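The sequence shown begins at 1 in the UniProt record's numbering and counts up by one.
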Amino acid sequence: MIKTDMIIVGAGPTGLFTVFEAGLLKLKCHLIDALPQPGGQCSEIYPKKPIYDIPGFPEVLAGDLVSNLMEQIKSFEPGFTLGERAETIDKQEDGSFIVTTNKGTQHHAPVVVIAGGLGSFEPRKPPIPTITDFEDKGVAYIIKEPEIYRDKKVVIAGGGDSALDWAIYLADIASEVSLVHRRQEFRGALDSVEKVEELSKIGKIKMITNAEVVDLQGEENLEAVVIRHKDTARGEEVKEVDCFIPLFGLSPKLGPIADWGLEIEKNAIKVNNSYDYQTNIPGVYAIGDVNTYPGKLKLILCGFHESAIMCQSAYQRIFPDKKYVMKYTTVSGVNGFDGSKK
Ligand code: FAD
1 MIKTDMIIVG
11 AGPTGLFTVF
21 EAGLLKLKCH
31 LIDALPQPGG
41 QCSEIYPKKP
51 IYDIPGFPEV
61 LAGDLVSNLM
71 EQIKSFEPGF
81 TLGERAETID
91 KQEDGSFIVT
101 TNKGTQHHAP
111 VVVIAGGLGS
121 FEPRKPPIPT
131 ITDFEDKGVA
141 YIIKEPEIYR
151 DKKVVIAGGG
161 DSALDWAIYL
171 ADIASEVSLV
181 HRRQEFRGAL
191 DSVEKVEELS
201 KIGKIKMITN
211 AEVVDLQGEE
221 NLEAVVIRHK
231 DTARGEEVKE
241 VDCFIPLFGL
251 SPKLGPIADW
261 GLEIEKNAIK
271 VNNSYDYQTN
281 IPGVYAIGDV
291 NTYPGKLKLI
301 LCGFHESAIM
311 CQSAYQRIFP
321 DKKYVMKYTT
331 VSGVNGFDGS
341 KK
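So this is what it looks like as structure tokens:
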């Protein structure tokens, strides 16, 4: 039985930063994640994508953000149970909790923090009958290592930020990048749309709008995609490619957490956002992408904010008789934290 002050389900950016905030309050944390590595969506879906909205970082690759978070929490020595899914939660008579994973590892703590993000996520696949035949043979739904597309002919499909950002990024790596979208207008950030249009003008991205990929061809590996234009006069075209990357987002599944007796709304956990991000079960908090409340934004910086507020409440729950006075981390030795310690 692993004993700790705070069990954190989910080692995404929110869960990792919680170790820091809790550490300032001298609370020990143990993280559980179904993935084999920490970092959540940042590591699993877009490690090489730049992020532009982390305060103080004009630009940071998602993977580097995770490395920095790991460095930031190192001195608090968190525990990790990786590659195991938190399956059940059992409330004890004294109000504490035991969280058990699918591999039977048990964790015991007075507080549980769910930072489970989208839960176990599945990419949305386009309805192309042959698509599964070409998975890992030219078809990918997640870009983990952009270098594998060097000098390749790539077709990206989608109209959101992910499709736009990757089209921009791969324009310098692949020999040819085509961006296929079924509408004329893109849903992504205006800045990214303008960048794609600029790259299209100089021939680095081929924009194919009002069209969709309807079939895939190839013997063993993918060799061509069939693109159907809305304009019936243009009909269908067969385009030779090495890789097809449909980026239509993820369909979130909460997984076992959905059966923990928590109030769920639109596949997310309802929390009290006027106070401390606690769920309907006292002692169980939910922060980051996994929660919902009026005005919720699924952004990394919002998860960080929620983590800081939540830790104050968790501290009061664990030590109801102690009064905590908040100090800035720049005050030397605050709560045992020495900012100079690396
Ligand atoms: P996650 O990162 O989703 O991590 C949750 C973790 O919990 C996962 O590792 C999962 O395996 C684990 N988990 C879930 N259920 C269980 C369970 N039962 N047991 C064990 N582990 C479990 N945000 C920005 O602020 N700026 C951006 O530029 C930006 N770009 C993005 C681009 C893309 C393509 C995507 C998909 C998202 C982007 N986001 C961006 C959103 C950002 O990634 C999320 O807001 C952030 O990852 C949420 O962090 P989190 O820690 O709450 O959850």
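For each residue, glycine too, the CB sits at the ideal point set by N, CA and C. The structure presented is a predicted model; accordingly, all values stated were derived computationally and were not measured.
(request) Check whether the Cβ of T14 sits closer than 7 Å to any heavy atom of the ligand FAD, and report yes or no. (result) True, at least one ligand heavy atom lies under 7 Å from that Cβ.
(request) Please go through the segment 239-268 and give each complete beta strand (DSSP E) segment of 3 or more residues, from N-terminal end onward. (result) 243-246, 250-253
(message) Need the endpoints of the alpha helix (DSSP H) that G23 sits in, please.
(response) Its alpha helix (DSSP H) spans residues 13-24.
(message) Within 8 Å, do at least three Cβ pairs link the segment 236-250 to the segment 163-178?
(response) Yes, they touch.
(message) I'd like the span of the beta strand (DSSP E) that includes D90, first residue to last.
(response) From DSSP, the beta strand (DSSP E) with D90 extends over 86-91.
(message) Tell me the rounded alpha-carbon separation between F186 and E236.
(response) 22 Å
(message) Check this for me: beta carbons of I128 and V213, under 8 Å apart or not?
(response) yes
(request) Look at the Cβ atom of N267, then the Cβ atom of Y277, and state whether they are nearer than 8 Å. (result) no
(request) Using only the heavy atoms of the ligand FAD, determine whether one of them is closer than 7 Å to the beta carbon of L65. (result) no
(message) Using a Cβ-Cβ cutoff of less than 6 Å, which residues in the same chain neighbour D151 once the five nearest sequence positions on both sides are dropped?
(response) S175
(request) Confirm, please, whether the CB-CB distance from R124 to G159 is below 8 Å. (result) no
(message) Let's see if you can read the secondary structure: which residues bound the beta strand (DSSP E) around Q278?
(response) It is not in any beta strand (DSSP E) - Q278 carries neither H nor E in the DSSP assignment.
(request) List the whole-angstrom C-beta distance separating residue 346 from G261, where the pair is believed to meet the contact cut-off of C-beta under 8 Å. (result) Lying outside 1 to 342, the shown extent of the chain, residue 346 is not represented and no answer is given.
(message) Mapping the DSSP letters down to three states, classify Q217 as helix, strand or coil.
(response) Here Q217 sits in strand by DSSP.
(request) Report back the beta-carbon spacing between D5 and P110 to the nearest angstrom; my notes put them in contact at under 8 Å. (result) 7 Å
(message) As a quick exercise: from K253, F80, L222, pick the residue whose alpha carbon is nearest that of C243.
(response) L222
(request) Drop a sphere of 10 angstroms on the beta-carbon of K3, count the other beta-carbons inside from all chains shown, and report buried for 16 or more, exposed for fewer. (result) exposed
(message) Shorter than 7 Å, the distance from the beta carbon of V9 to the closest heavy atom of the ligand FAD, or not?
(response) yes
(message) One question on the structure: do F80 and L31 come within less than 8 Å of each other, judged by their Cβ atoms?
(response) yes
(message) On the criterion of 16 or more Cβ atoms from any shown chain inside 10 Å, does S307 qualify as buried, or is it exposed?
(response) buried
(request) For the alpha helix (DSSP H) containing residue 353, list its first residue and its last residue. (result) What the structure shows of the chain is the stretch from 1 to 342, and residue 353 is not part of that stretch, so it cannot be assessed.
(request) Check the C-beta distance from F97 over to G255 and give it rounded, since I have them as a contact under 8 Å. (result) About 18 Å separates the two Cβ atoms, so there is no contact after all.
(message) Beta-carbon within less than 6 Å of D259's beta-carbon, same chain only, minus the 5 sequence neighbours each way: which residues are those?
(response) So the list is empty, once near-sequence residues are dropped.
(message) Under DSSP, the beta strand (DSSP E) around M207 begins and ends at which residues?
(response) 206-209
(message) If I measure Cβ to Cβ from K342 and keep anything under 7 Å in the same chain, skipping five residues before and after, which residues do I get?
(response) Any reading at K342 needs caution, since the residue's pLDDT is 43, under 50, leaving its predicted position unreliable; the model's value is listed next. For K342, where only same-chain residues beyond five positions count, there are no Cβ hits under 7 Å.
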